[in-house]
Amino acid sequence: MKIIGMVPARMESTRFFGKPLARICGMTMIQHVYERCCLSKTLDEVYVATCNEEIMEEVVSFGGKAIMTSNEHRNCIDRVAEACNNINTDADIVVVIQGDEPLTYPEMIDQAVSPFKTDKDLVCSNLISAIDSEEDFNNPNVIKVTKDLQNYALYFSREAVPSAKKCKETFNKYRQVCILPFKKDFLMKYVQMAPTPLEMVESVDMLRIIENGYKIKLVETIYKTMGVDDENDRLRVEEIMKDDPLFQSHYSKGINYAN
0 MKIIGMVPAR MESTRFFGKP LARICGMTMI QHVYERCCLS KTLDEVYVAT
50 CNEEIMEEVV SFGGKAIMTS NEHRNCIDRV AEACNNINTD ADIVVVIQGD
100 EPLTYPEMID QAVSPFKTDK DLVCSNLISA IDSEEDFNNP NVIKVTKDLQ
150 NYALYFSREA VPSAKKCKET FNKYRQVCIL PFKKDFLMKY VQMAPTPLEM
200 VESVDMLRII ENGYKIKLVE TIYKTMGVDD ENDRLRVEEI MKDDPLFQSH
250 YSKGINYAN
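Residues 0 to 258, numbered by numbering that gives the first Met the number 0, are exactly what the sequence shown covers, in order.
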């Protein structure tokens, strides 16, 4: 089974223009993400999918692989699907990894892909982690997830679900972690589906899958990441990165892990 990682990245963030090229401990954010993905034991290849020449040039400069795409995509999944078509990949599984989470651990990718090794009918999985603060539970930028007893996704929302009023501290609450493995054939089917009502209301791409009757396997991780949405986030991540053992012991030493 061939598995590739795709990191979608673009300059045009509304809150932080050019953030893939923002520097964290002397290295661009996109390089941090790429290098950490290359440390995954699961991925056979890693690519950056981008519509910006600046990002393409940066990835090539540190020895990575990048694929140019259209600048008209509605979401990152559409961008990844085009990138797969552009290189005519023979991958069985495509893992979408967000380009703005430079603290992603390679073990998280391995965890997210693991259900595909035992379930040949699975089309998609998604990493989740426990929500441990009321601030995150009520933050619309944190996508909440509910699941059934077999660990399949029931719903994704930017609102506080389960009910913020009735949800006790002892009730487990989960957030989406944006590491999204797709069976490649299903990825191509996904982008042919029209956007769905709940997907548009919640602004959560994964709801398109549920609304069309497919299942998403959820995999819980104990690893904590942090997205970079503005300059304050960049500064916080930089402080964490200074003491990050993965950064200190591996790719910060100039080792080229690009496949």
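For glycine and all other residues, C-beta sits at the position ideal for the given N, C-alpha and C. The structure displayed is predicted, hence computed values, not measured ones.
Measuring only between beta-carbons, confirm whether residue i sits less than 8 angstroms from chain B.
i: E238; result: Included in the structure is just one protein chain, with no chain B present.
Return helix, strand or coil for residue i, following the three-state DSSP convention.
i: I108; result: helix
i: A193; result: coil
i: L153; result: strand
i: A257; result: Reliability fails at A257, whose pLDDT of 39 lies under 50, so the model's placement of it is uncertain and the value that follows must be treated cautiously. DSSP places A257 in coil when its eight states are reduced to three.
i: P7; result: strand
i: P180; result: strand
Would you check if the distance between the CB atom of residue i and the CB atom of residue j is smaller than 8 angstroms?
i: I127; j: R174; result: yes
i: L121; j: H249; result: no
i: I3; j: A90; result: yes
i: D204; j: N74; result: yes
i: P101; j: M28; result: yes
i: I209; j: A129; result: no
i: V93; j: F181; result: yes
i: Y33; j: L245; result: no
Per DSSP, residue i forms a beta bridge with which residues?
i: N125; result: L217
i: I2; result: I92
i: I23; result: M26
i: A159; result: Beta-bridge pairing links A159 to no other residue.
i: Y173; result: A129 and V144
Contiguous alpha helix (DSSP H) assignments of at least 4 residues, all confined to the segment 213-241: Restricting attention to alpha helix (DSSP H) runs no shorter than 4 residues, the segment 213-241 encloses them at 230-241, ordered along the chain.
At least 3 beta-carbon pairs within less than 8 angstroms: the segment 183-190 vs the segment 103-118: no
Segment contact flag, the segment 142-160 with the segment 45-56, C-beta cutoff 8 angstroms, min 3 pairs: Two segments are said to touch when three or more pairs of C-beta atoms, one from each, lie closer than 8 angstroms; by this definition the segment 142-160 does not touch the segment 45-56.
The segment 11-28 / the segment 228-237 touching (three or more Cβ pairs under 8 angstroms): yes
Whole runs of the alpha helix (DSSP H) within the segment 46-104, excluding any shorter than 4 residues: 52-60 and 75-86
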